[in-house]
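Here is the structure we will look at.
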Amino acid sequence: MGSPYDRGRIRLAIRKFFQRPPPSAPRFPMFQKAILPVLFLLVLSLALPAHDGLDRQAPFPKPSYSGQGQVAFTSNGVQLMGWVPVSDFDPTFGGGNDCWGYTAPSGREYAIMGLNAGTGFVEVSDPGAPVVVAVLAGPDSLWHDMKTYAGHAYVVSEGGSGIQVFDLTNIDGGVVTHVGDFTAGGCTSASHNVAINEDTGFLYRTGGEGSPCPGGPQGLVFYDLSNPANPVFAGSWEDRYVHDAVVVTWDVAGPHFGKELAFCAAETSSGGGSPSLHIVDVTNKSSPSVLGSTTYSNSAFSHQLWLSDDQLTVYQNDELDESNFGFSTRTRIMDVSNPASPSVTGFFTSGAPAIDHNLYVNGNRIYEANYRSGLRIFDNTNPLSPTEIAWFDTYPDDDDAAFNSLWSNYPFLPSGTILGSDLEKGLFIFYVGNPVLTFDFPEGTPEQIAAGGGLVRFTVSEAAPGDLLAATVSFHYDSGSGFQSVSATPLGGDLYEAVIPSIPCGDRVNFYVSAKASNNYTWTDPPAGPTQVYTALSAAYVDEVFSDHVEIDLGWTFGVAGDDAATGIWERVNPNGTAAQPEDDHSDPGTICLVTGQGSVGGSVGENDVDGGTTTLLSPTMDASGLTDPVLSYWRWFSNNQNSAIDDVFVIDISNNGGSTWTNLETIGPGGADAVGGWIRHSVRISDFVAPTNQIRLRFIASDLNDGSISEAAIDDLAIEELVCAVAISNVTPNSGSTNARPTVTITGLGFVPGVTTVDFGEQMATQVNVLNETTLTCRVPRRAGGGGGRLHRSPRSVDVRVTTGVGTDAIPRGYTYTLPTR
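Laid out in structure tokens, this is it:
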């Protein structure tokens, strides 16, 4: 099996081998492919456990990639307030890892977010409107961990650099200063984690792999923070590898009262081995000693732990037991009332199969970040039997035991705001409880915004009277040049109305609504706006002229000359879902879509994905001739992130001559938010690429050409719509009436817009214009004006009826006749 030290070193080498190289580094895909079997056999022979990121996915830069609203998170008792994607920190800094919080002397609250290449600082005083204050570089690594003390942040990394110290004393002014890197002490400058006992002012580096560490990676390394800007090495304890620790001043009556105790998630090496809880007395920094320890059954890798507030119970997670033994999330409960003789009393679970990861205890609540099952909150009023009371699932696809999504959380901000750090998605800001403000669009979420300007109506409901600051209700929109905000007008009850200015016809408009609660927290719909948005088209109206929901075959072509993929060939099926391929089509209530290969029910992710070449799908021929401004749309799915080879693309082309020639419409991937699966709607104006004809066709090319990636694509719901940026009037009913009766008439047509539509009868403007929908309005006919002196004409007279909106005017000549009053 090799020594623990050898296993740890080999594990580190394998992990580093598969980590993404920096942008400037050359890649050697053929070499990696050749050596993969060798490394795989080596791993099997040594039985090395993997943890903390060997199954990493690419960062998830933006959730609003689809333009179709929010990600379908599920939750119970937890609200998403804010979201800072990884790309909003720095697109070059890679994925996320750990997080911590900081409260300035002013009371303003901040999140500290670990990134692969550094650390981000975000103000979250208003959790619904987070602001990135600073992003500072650090060593490149999947791991960055941090704690705060005396106005400073201390960041460590498996990438080395010792302790990075950041001065936070001017963070309210937008300044975070990198004081320096402190590498004294320990056998390596790398660390896996860091702990601070704020009662004593000592910092503890934990774990870290490197040379020369006698006997294996390091355990605990102590530093004196008497000068917070200058950590001073004070000693170490190296008997065991320590993955993580919590260090406290023991506040329980008995022989150890007042001692400084380190509760350590320990093993023989960073590669595992006899996972345990070790309790170390570190009061005397020059002579630390083990008070007690315990192992536990079905152990795989002792990862992290935290103490209950009364210091009598430890909750400890194991990072590999779920995948190794096949049971649901299992966090151990340990009685440490006598630190010299700790014992395991049981475990608690969420019932999901996901891996339990970083947890913290605040009061009688346990907050645990469980990777793919997200944030889980437990009531530990009975410390030996915690029960789940709330959750927020940050990975809607599944709760599998894999290293994706929520890495950590921080539940100690005075406001009660909870922070969460996600490997792919970035920083989440949560509110625990029912929503204080809720929003709704009574007429449905707008899919179209009037090009000439118009009204959007929505409701804002408060949980209790006085929760809403009514003056803050706003509509925010972006048609391509950044978000603009419009204050909404109260209409009575909980209904509000926003007047939207003219927007160029055909533009795609992202939008969200917001309001502040009485505590000045911003609530939005969709949650975490503007990171999440709704999307609409700007037009007078949209007319669908073609649709294909794929429930019947309208003439698709599966494969063309030159295709050479061995598996994953396009087919039309009710898909069997995997982590890379959809389980359901997009159409509701349909079941059929087009996918690259149909695997078996419950089959592996790579059972029938695209392998060994290219596979092509051709659409039926579509007619866009005679249309003024046709828009083509389809729903697509592309996944290329289920292993380390993120290097293939999904190519979509358009032809206006039946396929004789092709123009590229879009290329998705190899990385990015559009390449992580999920149904995404894409729409384009056909004339931006080719002239509209009756021979429009699409070509979808999926491939696996490089390092053997897991590559899956799918297509559903094609449509061609005509964007109409004009108003049209077709009928006035009734079309005549007495000169002094002022009847209400109904006008039909197209492109009517609430709030901006006017109607004229001759030279007189109608009153009480009520736009019922884009095709129908009612109004009251004005009294007919006569000639000189304003006298009424004494004979029937027909006048033009004109309807005007922000996009133009249309009229029915002599469309209404004033008749003489009856006597």
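Here our numbering is used: the first residue of the sequence shown is 464, the next is one more, and so on.
Cβ coordinates follow ideal geometry from the N, Cα and C atoms, glycine included.
Is it right to say Glu-910 is buried, meaning 16 or more other beta carbons lie within 10 angstroms of its own, or is it exposed? In the sequence shown, the residue the question calls residue 910 occupies position 447. Looking at its Cβ environment, which holds fewer than 16 other Cβ atoms inside 10 Å, Glu-910 is exposed.
Among Glu-621, Ala-692, Asp-970, Ala-725, whose alpha-carbon lies nearest the alpha-carbon of Gly-943? Indexing the sequence shown from 1 puts residue 943 at position 480. Checking every option, the nearest Cα to that of Gly-943 belongs to Asp-970.
Count Cβ pairs between the segment 1149 to 1169 and the segment 1066 to 1081 that sit closer than 8 Å; are there 3 or more? In this structure the segment 1149 to 1169 lies against the segment 1066 to 1081, because at least three pairs of beta carbons, one per stretch, are closer than 8 Å.
According to DSSP, is Ser-1298 helix, strand or coil? Summary: the structure shown does not reach residue 1298, with the chain confined to residues 464 through 1286, and so no result is reported for it.
Kindly confirm or deny that the segment 818 to 832 and the segment 796 to 806 touch, where touching means at least three C-beta pairs closer than 8 Å. no
Could you give the first and the last residue of the continuous beta strand (DSSP E) run that contains Glu-661? Position 198 of the sequence shown, counted from the first residue, corresponds to residue 661. Here Glu-661 belongs to no beta strand (DSSP E), and DSSP marks it neither H nor E.
Would you report the Cα separation of Leu-1080 and Gln-1231, rounded to the nearest angstrom? Indexing the sequence shown from 1 puts residue 1080 at position 617. Indexing the sequence shown from 1 puts residue 1231 at position 768. Straight-line Cα distance between these residues: approximately 54 Å.
Per DSSP, which residues does Cys-1188 bridge with? Please list them. Start at 1 with the first residue of the sequence shown, and residue 1188 comes out as number 725. Its beta-bridge partners do not exist; DSSP assigns none.
Between Gly-591 and the rest of its own chain, which residues show a CB-CB distance below 7 Å, the 5 nearest in sequence each way excluded? Position 128 of the sequence shown, counted from the start, is the residue given in the question as residue 591. The beta carbon of Gly-591 sits closer than 7 Å to the beta carbons of Met-544, Gly-545, Tyr-984, Thr-985, Trp-986, Thr-987 from its chain, once the five residues preceding and following it are set aside; these are given in chain order.
Between the segment 756 to 765 and the segment 826 to 846, can you find at least three pairs of beta-carbon atoms closer than 8 Å? no
Judging by CA-CA distance, which residue of Ile-1183, Ser-1261, Pro-751 is the nearest neighbour of Leu-1283? Along the sequence shown, read from residue 1 onward, the residue named residue 1283 stands at position 820. Residue Ser-1261 is the option with its Cα nearest to Leu-1283.
Assuming contact is defined by CB atoms lying nearer than 7 Å, are Asn-579 and Gly-601 in contact in what I supplied? Looking up residue 579 in the sequence shown gives position 116. Looking up residue 601 in the sequence shown gives position 138. Not in contact: Asn-579 and Gly-601 (Cβ atoms no closer than 7 Å).
In the DSSP output, what is Glu-851 paired with across the bridge? Position 388 of the sequence shown, counted from the start, is the residue given in the question as residue 851. DSSP, once it has assigned bridges, lists Phe-841 as partnering Glu-851.
Using a 10 Å radius around the Cβ and a threshold of 16 neighbouring Cβ atoms, would you call Asp-1180 buried or exposed? Translated into positions along the sequence shown, residue 1180 becomes position 717. Buried, because 16 or more other Cβ atoms sit within 10 Å of the Cβ of Asp-1180.
Given a threshold of 16 other Cβ atoms within 10 Å of its Cβ, counted over all protein chains shown, does Ile-912 qualify as buried or as exposed? As a first step, residue 912 must be located in the sequence shown, where it is residue number 449. Looking at its Cβ environment, which holds 16 or more other Cβ atoms inside 10 Å, Ile-912 is buried.
Under the three-state DSSP convention, the category Val-596 falls into: If you number the sequence shown from 1, residue 596 lands on position 133. Strand.
Can you give me the Cβ contacts of Val-501 inside the same chain, cut-off strictly under 6 Å, excluding the 5 residues immediately before and after it? If you number the sequence shown from 1, residue 501 lands on position 38. Only weak support exists for where Val-501 lies, its pLDDT of 32 falling under 50; the value from the coordinates is given anyway. Excluding positions up to five away in sequence, the list is empty.
Compare the Cα-Cα distances from Ile-966 to each of Ser-1001, Tyr-959, Ala-951 and report the closest residue. Reading the sequence shown from its first residue, position 503 is the one you call residue 966. For the residues Ser-1001, Tyr-959, Ala-951, the minimum Cα distance to Ile-966 belongs to Ser-1001.
My output table needs one value for Phe-1224: the three-state DSSP class, helix, strand or coil. Taking the sequence shown and counting its residues from 1, the one referred to as residue 1224 is at position 761. Phe-1224: strand per DSSP, three-state reduction.
Quick one: grab the DSSP three-state call for Ile-787. Here residue 787 refers to the residue found at position 324 when the sequence shown is read from its first residue. Looking at the sequence shown, residue 787 is not Ile but Asn. Asn-787: helix per DSSP, three-state reduction.
Range covered by the alpha helix (DSSP H) that runs through Phe-433: This structure gives no information on residue 433, because the portion of the chain shown stretches from 464 to 1286.
Classify Gly-1141 as helix, strand or coil using the three-state DSSP reduction. What you label residue 1141 is simply residue 678 of the sequence shown in a count that begins at 1. In this structure, Gly-1141 counts as coil in the three-state DSSP scheme.
List the endpoints of the continuous beta strand (DSSP E) containing Ala-645. The count along the sequence shown starts at 1 and reaches residue 645 at position 182. The sequence shown places Phe at residue 645, rather than the Ala named in the question. Phe-645 -> beta strand (DSSP E) spans 640 to 645.
Give me the residue from Val-628, Asp-1027, Asp-1048 with the minimum Cα distance to Val-1036. If you number the sequence shown from 1, residue 1036 lands on position 573. Of the candidates Val-628, Asp-1027, Asp-1048, the one whose C-alpha sits nearest the C-alpha of Val-1036 is Asp-1048.
Determine the contact status of Val-1094 and Ala-1189, defining contact as a CB-CB distance below 7 Å. Residue mapping note: residue 1094 aligns to position 631 of the sequence shown, counting from 1. Residue mapping note: residue 1189 aligns to position 726 of the sequence shown, counting from 1. For Val-1094 and Ala-1189, no; Cβs fall outside 7 Å.
In terms of DSSP beta bridges, what is Met-609 paired with? Within the sequence shown, residue 609 is the residue found at index 146, counting from 1. Answer is Val-618.
Would you kindly report the start and end of the unbroken beta strand (DSSP E) that includes Lys-979? Within the sequence shown, residue 979 is the residue found at index 516, counting from 1. Element bounds for Lys-979: 971 to 980.
If you draw a straight line from the C-alpha of Lys-610 to the C-alpha of Ile-881, how long is it? Here residue 610 corresponds to residue number 147 of the sequence shown, with the count starting at 1. Here residue 881 corresponds to residue number 418 of the sequence shown, with the count starting at 1. Each residue's alpha carbon lies about 16 Å from the other.
Under DSSP, the beta strand (DSSP E) around Gly-917 begins and ends at which residues? Numbered from 1 along the sequence shown, position 454 holds the residue referred to as residue 917. Where Gly-917 is concerned, the enclosing beta strand (DSSP E) stretches over 917 to 925.
Nearest-angstrom Cα distance between Thr-646 and Pro-1038? Translated into the one-based positions of the sequence shown, residue 646 becomes position 183. Translated into the one-based positions of the sequence shown, residue 1038 becomes position 575. The straight-line gap from Cα to Cα measures roughly 54 Å.
Close Cβ partners of Ser-737 (< 7 Å) along its chain, the five nearest in sequence each way excluded: By one-based count along the sequence shown, residue 737 stands at place 274. Hits under 7 Å: Glu-730, Thr-731, Thr-758.
Ignore the nearest five residues each way along the sequence and tell me which others in Val-1147's own chain have a CB closer than 6 Å to its CB. Translated into the one-based positions of the sequence shown, residue 1147 becomes position 684. Counting only Cβ-Cβ distances below 6 Å, and skipping sequence neighbours, we find Leu-1095.
Would you kindly work out how many angstroms separate the C-alpha atoms of Leu-954 and Ile-1015, rounded to a whole number? Counted from its first residue, the sequence shown places residue 954 at position 491. Counted from its first residue, the sequence shown places residue 1015 at position 552. Their Cα atoms are separated by approximately 47 Å.
Taking the alpha-carbon positions, what's the Asp-1223 to Ile-1210 distance? In the sequence shown, counting from the first residue as 1, residue 1223 sits at position 760. In the sequence shown, counting from the first residue as 1, residue 1210 sits at position 747. Answer to the nearest angstrom: the Cα atoms are 12 Å apart.
Starting from Ser-756, trace the beta strand (DSSP E) in both directions and tell me its first and last residue. Taking the first residue of the sequence shown as position 1, residue 756 is located at position 293. Run containing Ser-756: 752 to 758, per the beta strand (DSSP E) assignment.
Trp-870, enclosing beta strand (DSSP E) - first and last residue: To locate residue 870, count along the sequence shown from 1; it is residue 407. 869 to 873 is the span of the beta strand (DSSP E), which, as asked, contains Trp-870.
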